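Data block below; observations after.
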Amino acid sequence: MTPSAPQLPATVRTFTQLLSSTRRGARLARLLTAGELAAWEVAPDVAERAEHIVAELAANAFFHGRVRGRDFRLDLTLDSSAGTLRVEVTDARGDRFPGHRPNADADAESGRGIILVGALADRWGTSLYVPGGKTVWAELDSGPASGHVSIRPTGGSTGG
Numbered sequence: 001m002t003p004s005a006p007q008l009p010a011t012v013r014t015f016t017q018l019l020s021s022t023r024r025g026a027r028l029a030r031l032l033t034a035g036e037l038a039a040w041e042v043a044p045d046v047a048e049r050a051e052h053i054v055a056e057l058a059a060n061a062f063f064h065g066r067v068r069g070r071d072f073r074l075d076l077t078l079d080s081s082a083g084t085l086r087v088e089v090t091d092a093r094g095d096r097f098p099g100h101r102p103n104a105d106a107d108a109e110s111g112r113g114i115i116l117v118g119a120l121a122d123r124w125g126t127s128l129y130v131p132g133g134k135t136v137w138a139e140l141d142s143g144p145a146s147g148h149v150s151i152r153p154t155g156g157s158t159g160g
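Mapping the sequence shown onto UniProt numbering, position 57 (from 1) lands on 57, and the numbers just tick up by one.
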């Protein structure tokens with residue numbers, strides 16, 4: 001019998017919360033994310049990027065994915081064996097998918113959030129949510145964040 005190297009147990013942590021499709025719900029999504037990632041002891045650079053991604057996706061769920069009487073859902077999954085943090089925001093509008101708008105006005109006050117998500121995430125995408133709606137997801141590698149944009153708050157806050 002050959003001795004094997006000790007293996008660390010794989011840890012997958014999850015967090016799921018339904019939130020009202022309001023400005024307050026979008027703001028609460030970011031605050032809950034910050035608290036959960038701090039409790040999970042996620043690296044500060046990864047947590048900061050994730051908080052900004054949640055803020056953008058939750059704001060989009062409110063502004064573009066809202067259906068009266070329906071909430072949006074925030075899901076966070078930290079997989080230590082894969083070295084990834086996955087953020088998912090599911091809203092009730094399956095007919096509106098985010099995408100890059102090549103002719104977006106550079107001075108417009110909206111429409112650039114998904115570009116920011118793409119800059120902060122290592123991977124992102126969308127999928128239909130059955131029975132109705134869509135999920136926008138983003139993954140962050142939990143290793144060093146080289147090559148990623150550092151975001152510093154300036155006057156206002158996104159999502160509420």
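Glycine included, every Cβ here is placed at the ideal spot set by N, Cα and C. Here the structure is a predicted model, which means the values were calculated and not measured.
- Between Leu-28 and the set Leu-74, Arg-13 and Val-12, the nearest pair of CA atoms involves Leu-74.
- With a cut-off of 8 Å on Cβ pairs, the stretch 125 to 139 is in contact with the stretch 49 to 64, counting three or more such pairs.
- Within the same chain, Cβ atoms closer than 6 Å to the Cβ of Tyr-129 are found at Thr-90 and Thr-135, the five residues on either side in sequence being excluded.
- Looking only at Asp-122, Ser-127 and Gly-113, the smallest Cα-Cα distance to Leu-57 is reached by Gly-113.
- Spatial neighbours of Thr-22 in its own chain (CB-CB distance under 7 Å, excluding positions within 5 residues in sequence) are listed in chain order as Phe-62.
- Counting the other Cβ atoms within 10 Å of the Cβ of Thr-16 gives fewer than 16, which makes it exposed.
- Looking at the DSSP output, Thr-14 bridges to Thr-77.
- For Val-136, the beta-bridge partners assigned by DSSP are Val-89 and Thr-126.
- Apart from the 5 residues on each side of it in sequence, Leu-37 sits with its Cβ closer than 7 Å to the Cβ of Ala-47 and Ala-50 in its chain, given in chain order.
- Collapsing the DSSP output to three states places Asp-71 in coil.
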